[in-house]
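Peer 1: Top to bottom, those sequences are chains Y and G. With this note's numbering, letter number 156 in the first sequence gets 156, and the count goes up by one each step, no holes. Numbering-wise, this note's numbering comes out as the position in the second sequence, counting from 1, plus 182. Don't be surprised by glycine CBs; every beta carbon is placed ideally from N, CA and C.
There are 2 protein chains.
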Amino acid sequence: MARIEPDFELKTPSGDDRARRVCNTCGFVDYVNPKIVAGSVTESADGRILMCKRAIEPRKGFWTLPAGFMEEGESVADAAKREAREEACAQLELIDLLAVYSIPRISQVQMFYRARLADPSIAAGPESLEVALYHWDEIPFDDLAFPSVRWALEDWRARRGRTGEPPALRTQGEDFAPREDL
Amino acid sequence: MARIEPDFELKTPSGDDRARRVCNTCGFVDYVNPKIVAGSVTESADGRILMCKRAIEPRKGFWTLPAGFMEEGESVADAAKREAREEACAQLELIDLLAVYSIPRISQVQMFYRARLADPSIAAGPESLEVALYHWDEIPFDDLAFPSVRWALEDWRARRGRTGEPPALRTQGEDFAPREDL
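(1) Using 7 Å as the threshold, is the C-beta distance between Pro-248(G) and Ala-266(G) below it?
(2) Quick check: what's the CA-CA separation for Pro-329(G) versus Ser-40(Y)?
(3) In three-state terms, what does DSSP make of Leu-153(Y)?
(4) Taking the alpha-carbon positions, what's the Arg-54(Y) to Asn-206(G) distance?
(5) Could I get the ranges of all uninterrupted alpha helix (DSSP H) runs contained in the stretch 224 to 272 of chain G, with 4 residues as the minimum, in chain order?
(6) For the beta strand (DSSP E) holding Ile-277(G), just list the boundary residues, first then last.
(7) Classify Ala-340(G) as helix, strand or coil using the three-state DSSP reduction.
(8) From the DSSP output, in three-state form, read off Glu-320(G) for me.
(9) Quick check on Leu-10(Y): buried or exposed, where buried means 16 or more other Cβ atoms within 10 Å of its Cβ?
(10) Would you mind giving the Cβ-Cβ distance between Ser-75(Y) and Asp-337(G), rounded to the nearest angstrom? I have them listed as a contact below 8 Å.
(11) Expressed to the nearest angstrom, what Euclidean distance is found between the alpha-carbon atoms of Ile-325(G) and Trp-245(G)?
(12) Under three-state DSSP, which class holds Ser-128(Y)?
(13) Could you confirm whether any beta carbon from chain G is found closer than 7 Å to the beta carbon of Ile-36(Y)?
(14) Suppose you measure from the CA of Pro-13(Y) to the CA of Glu-165(Y); what does that come to, to the nearest Å?
(15) Do you know whose CA, among Pro-34(Y), Val-100(Y) and Arg-48(Y), lies nearest Met-252(G)'s CA?
(16) Which class does Pro-166(Y) belong to by DSSP, given the choice of helix, strand or coil?
(17) Could you have a look at Pro-329(G) and say whether DSSP puts it in helix, strand or coil?
(18) Run through the DSSP bridge pairs and tell me what Pro-178(Y) is partnered with.
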C-alpha cells in the first residue's frame, strides 16, 4: 500500500485574509502562528552561567542556553523551567523576565528569564552533549548556537546586579542584528 | 464526490515524547504550540482608554481591548499595532510592555503593550460593532469579553503615570484567577 502523505497547497480559506497551507488530500487547513521559545540565563551560586552543548541539529556541537519550544497547557515560566530540567537536569528558581526577542524571519518569539540554580547539581540531558558553568570570560562566544544566545548573554550582563527593570525588547532585523523594539 | 476531510487521531510520533494529532487520511502531524495574542491598552491625549465592542464570536457584543493572534513574519510590537489598526482603525505609538499573561487552559500567551493614539481618529473595523474612548469610571466592567481584558486594565491602572517598570507577569490558575508568575 502506498504510504499516505499530506499534499499542501497555499490557498486563502473563505473568510480569511491571507493564504494558508491547505491539504489537497484531506482538506486540513494548517493555521501556523509564531512559536514561543522559553529559556533562561541561569547563575550558579558563584555567578557562573549555565550553558549546554547541543547534541541535536540544528547547530549540533555548539553552545546554547537552556531553551526550547513552549508546549500546550503550560505557562512561559513553567516552560523555561522544564527546558532547563530536560537539557541540563537543572532545577531553576526564576528571578525575573530578562528579554523578549521577536524573530520574524523564522516566526519565533523567544522569552528568556533570569534564574538561579535552586540546587547545584547539573548534568547533560538527552539533547545535550555536555553542560557547563562558565564565568563571563570563559563563555565560548565563537561557538554559540544562535544569535539570540549572544543577545541574552549581553542583556544579562547589562542588567547584572539590578532588578526591577523592564526586559530587553528586541526584534531581529533583515541584517540579523537586533534592534530595540517596543 | 465525497468531500475530503481530515481524520485526526492522537498518537505519539517516533522520536517524540508526547501525543500529537496525526491525520489518518494524509499522515500529517499537527504540532500545536501555544499561540501569542498581542494587544494594547491605548490612551487618547485626554487619558481615555480605547476599547472595542466585538462584532464576532466568541463573546460578540462584549467589550475588549484591541488584541489578536500574532501572524507569521511579524514582531510582537507590529502585531499589537496591526490589531489596533484592524479593529479600531487606530494608529498607535507604543510606550512599553505592560503585561505577559500565560493562559495554559487555552494554550495562549497574551502580551499587552501600553500605547497612545498617534492620531486622534478611530473607527470600528470589520471585527468591531463600535469603538469608544472611556475614562476609567466609564469602562463597561460588567460587559468585558475576557478575564484578561480586566487584568490588562487593572495592571494599566496600577502602573499609571510610571514608566521603566517590569511588566506584570501572570498565569491564569485553575480557578480562572490570575496569579503572579515569574
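Peer 2: Result, derived from the coordinates:
(1) In the second sequence, counting from the first residue as 1, residue 248(G) sits at position 66. In the second sequence, counting from the first residue as 1, residue 266(G) sits at position 84. In this structure, Ala-266(G) lies closer than 7 Å to Pro-248(G) by Cβ.
(2) Along the second sequence, one-based indexing puts residue 329(G) at 147. Along the first sequence, one-based indexing puts residue 40(Y) at 40. Answer to the nearest angstrom: the Cα atoms are 29 Å apart.
(3) Reading the first sequence from its first residue, position 153 is the one you call residue 153(Y). It is helical.
(4) The sequence position of residue 54(Y) within the first sequence is 54, counting from 1. The sequence position of residue 206(G) within the second sequence is 24, counting from 1. About 34 Å.
(5) 258 to 270
(6) Residue mapping note: residue 277(G) aligns to position 95 of the second sequence, counting from 1. Per DSSP, Ile-277(G) belongs to the beta strand (DSSP E) from 274 to 285.
(7) Along the second sequence, read from residue 1 onward, the residue named residue 340(G) stands at position 158. In the structure shown, Ala-340(G) sits in a helix (DSSP, three-state: H, G or I).
(8) Stepping through the second sequence from its first residue, residue 320(G) is reached at position 138. It is helical.
(9) Here residue 10(Y) is taken as the residue at index 10 of the first sequence, counted from 1. With fewer than 16 Cβ atoms within 10 Å of its Cβ, Leu-10(Y) is classed as exposed.
(10) Taking the first sequence and counting its residues from 1, the one referred to as residue 75(Y) is at position 75. Taking the second sequence and counting its residues from 1, the one referred to as residue 337(G) is at position 155. Beta-carbon to beta-carbon, Ser-75(Y) and Asp-337(G) are separated by about 17 Å, too far to satisfy the 8 Å threshold.
(11) One-based indexing of the second sequence puts residue 325(G) at position 143. One-based indexing of the second sequence puts residue 245(G) at position 63. The amino acid occupying residue 325(G) in the given sequence is Asp; Ile does not appear at that position. Roughly 6 Å separates the two Cα atoms.
(12) For the purposes of this step, residue 128(Y) is identified with residue 128 of the first sequence, where counting begins at 1. If DSSP states are grouped into helix, strand and coil, Ser-128(Y) belongs with the strands.
(13) Counting from 1 along the first sequence, the entry for residue 36(Y) is found at position 36. Chain G contact via Cβ: present.
(14) Within the first sequence, the letter at position 13 stands for residue 13(Y). Within the first sequence, the letter at position 165 stands for residue 165(Y). Distance between the alpha carbons of Pro-13(Y) and Glu-165(Y) is about 43 Å.
(15) Walking along the second sequence from the start, residue 252(G) turns up at place 70. Among Pro-34(Y), Val-100(Y) and Arg-48(Y), the Cα nearest to that of Met-252(G) is on Pro-34(Y).
(16) Looking up residue 166(Y) in the first sequence gives position 166. Three-state result, Pro-166(Y): coil.
(17) The count along the second sequence starts at 1 and reaches residue 329(G) at position 147. In the structure shown, Pro-329(G) sits in a helix (DSSP, three-state: H, G or I).
(18) Locating residue 178(Y) in the first sequence gives position 178, where the first residue counts as 1. Partner(s): Gln-172(Y).
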